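In the numbering used here, the protein residues as written are 1 to 226. All C-beta atoms, glycine included, are put in the ideal place defined by N, C-alpha and C. Values in this document were obtained by computation on a predicted structure and should not be read as measured data. This report refers to the structure that appears directly beneath it.
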């Protein structure tokens, strides 16, 4: 089949076909795909990231505008297309220079690890082993599926789409995507979430230890030596 887009680049044409395939169920629009492709320089991965991400942000903004006036179906359709374009934008990030892409991803992963570890330590300091179990349920069992890895967080059912943003996995993944694909746009929210978990857990551990050390002893049972 003769390439309709990117005739000089088989890689770009292949991924563009993946995006076009989503039009069958409303996950992409032919006009939006063609417009984004026309602005991309063949073989330029930075151009690929920038133009697909710009298309995704524009589509998302329009969809949220529809949602604000109560047009839920139009908003749903727009957010679905935006999710496709965001995923298309980051398709080649693993093949590029590991410095601009690998380092932010590694730092985001480290942020998730620090925040989750601190939160777990804090819960364990207060509740003991039940605290560890609570952390596993919140961060792993619930946090991973709502992080937006396979399904964009905005497309998750309520209240999962809201709660997921408040957990370290989603915050770290959002931060990595922002740095890699969007030039660091809207980093304040996810970084704040990670910082709050790390700081809260770090502070709770010594406070809980001090409280246990200085709390008054319980009443002594009758007949037992004091």
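Which term fits residue i, buried or exposed, when burial requires 16 or more other beta carbons within 10 angstroms of its beta carbon?
{"i": "residue 176", "result": "buried"}
{"i": "residue 38", "result": "exposed"}
{"i": "residue 48", "result": "buried"}
{"i": "residue 10", "result": "exposed"}
Start and end of the alpha helix (DSSP H) containing residue i?
{"i": "residue 81", "result": "72-89"}
{"i": "residue 25", "result": "Where residue 25 is concerned, there is no enclosing alpha helix (DSSP H), given that its DSSP letter is neither H nor E."}
{"i": "residue 190", "result": "188-214"}
{"i": "residue 47", "result": "45-68"}
{"i": "residue 4", "result": "Careful: residue 4 lies outside any alpha helix (DSSP H) and carries neither H nor E."}
{"i": "residue 130", "result": "129-135"}
Using a Cβ-Cβ cut-off of 6 angstroms (strictly less than) and excluding sequence neighbours within five positions of residue i, which residues of its own chain qualify?
{"i": "residue 198", "result": "114, 115 and 118"}
{"i": "residue 190", "result": "171, 174 and 175"}
{"i": "residue 111", "result": "172 and 194"}
Take residue i and list the residues in its own chain whose beta-carbon comes closer than 7 angstroms to its own, dropping the five residues that flank it on each side.
{"i": "residue 97", "result": "In this prediction, residue 97 scores a pLDDT of 49, lower than 50, which makes its location untrustworthy; the coordinate-derived value is nonetheless stated afterwards. There are no such residues."}
{"i": "residue 41", "result": "47"}
{"i": "residue 16", "result": "5, 6, 33 and 37"}
Considering only their Cβ atoms, is the gap separating residue j from residue i smaller than 9 angstroms?
{"i": "residue 204", "j": "residue 134", "result": "no"}
{"i": "residue 136", "j": "residue 120", "result": "yes"}
{"i": "residue 26", "j": "residue 81", "result": "yes"}
{"i": "residue 126", "j": "residue 208", "result": "yes"}
{"i": "residue 164", "j": "residue 131", "result": "no"}
{"i": "residue 5", "j": "residue 12", "result": "yes"}
{"i": "residue 139", "j": "residue 159", "result": "no"}
{"i": "residue 51", "j": "residue 36", "result": "yes"}
Excluding five sequence neighbours on each side, which residues of the same chain lie with their C-beta closer than 8 angstroms to the C-beta of residue i?
{"i": "residue 166", "result": "193"}
{"i": "residue 34", "result": "5"}
{"i": "residue 20", "result": "28, 30 and 33"}
Does the pairing of the region 50-59 with the region 79-86 give three or more beta-carbon distances under 8 angstroms? Three or more Cβ pairs closer than 8 angstroms define a contact, and the region 50-59 meets that threshold against the region 79-86.
Using 8 angstroms as the cut-off, can you tell me whether the region 30-48 makes contact with the region 64-80, which would need three or more C-beta pairs spanning the two stretches below that distance? no
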